[in-house]
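Visitor: 732 is the number of the first residue of the sequence shown in my numbering; add one for each residue after it. After the structure tokens below, expect a handful of questions from me.
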Amino acid sequence: MESTTEGAVQHWMETFDFNGMKVFIRMVEYDRIRELSISEMGKYFILVRVSRPQFPNASIIGDYDAKILCGPKDSQAEVLAKQFAEIWPKSSEKLFMLFLGVRDLSPPFVNALMAFLKTKVVTV
732 MESTTEGAVQ HWMETFDFNG MKVFIRMVEY DRIRELSISE MGKYFILVRV
782 SRPQFPNASI IGDYDAKILC GPKDSQAEVL AKQFAEIWPK SSEKLFMLFL
832 GVRDLSPPFV NALMAFLKTK VVTV
């Protein structure tokens, strides 16, 4: 996992290749998302917000919520958001994830992307 700092925006970035389609994944702290420009996001992207409720003992998967803020709003996008919430680090209250270059949200793509992310995201 490559962790970088560009100006004040701290994030990590990964590249995921699915059948020749390159997807650039950026995870950005909640309070830094406005520092990213639209040009950095590109033409095709999905922006997912994952949030934790405001009570101290939130530890089960159902306590996390993921919403698609930008990008496709179909059922596969919702599946992606929900699966993403399940692997999100429990120590994080609110963060965003950008999937740059995503055009296809077929079930095989979503499954492959989630399998890839599970190897990158610490869940404790």
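All C-beta atoms in this analysis are idealised placements derived from N, C-alpha and C, irrespective of residue type, glycine included.
Strictly by DSSP, which residues pair up with residue 749?
Guide: Residue 749 pairs with 752.
Visitor: Within the same chain, show all residues whose beta-carbon is closer than 8 Å to that of residue 746, passing over the 5 residues directly before and after it, in chain order.
Guide: Once the five neighbours on either side are set aside, the close Cβ partners of residue 746 are 753, 754, 755, 756.
Visitor: How would you call residue 846, buried or exposed, if buried means at least 16 neighbouring beta carbons within 10 angstroms?
Guide: Exposed: under 16 other Cβ atoms inside 10 Å.
Visitor: Beta-carbon within less than 8 Å of residue 791's beta-carbon, same chain only, minus the 5 sequence neighbours each way: which residues are those?
Guide: Any reading at residue 791 is ruled out, since the residue's pLDDT is 45, under 50, leaving its predicted position unreliable.
Visitor: Indicate whether residue 687 and residue 749 have their beta-carbon atoms separated by less than 9 Å.
Guide: Nothing about residue 687 can be reported from this structure: the residues present for the chain run from 732 to 855 only.
Visitor: Would residue 818 and residue 848 qualify as a contact pair, given that the criterion is a beta-carbon distance under 9 Å?
Guide: For residue 818 and residue 848, yes; Cβs fall inside 9 Å.
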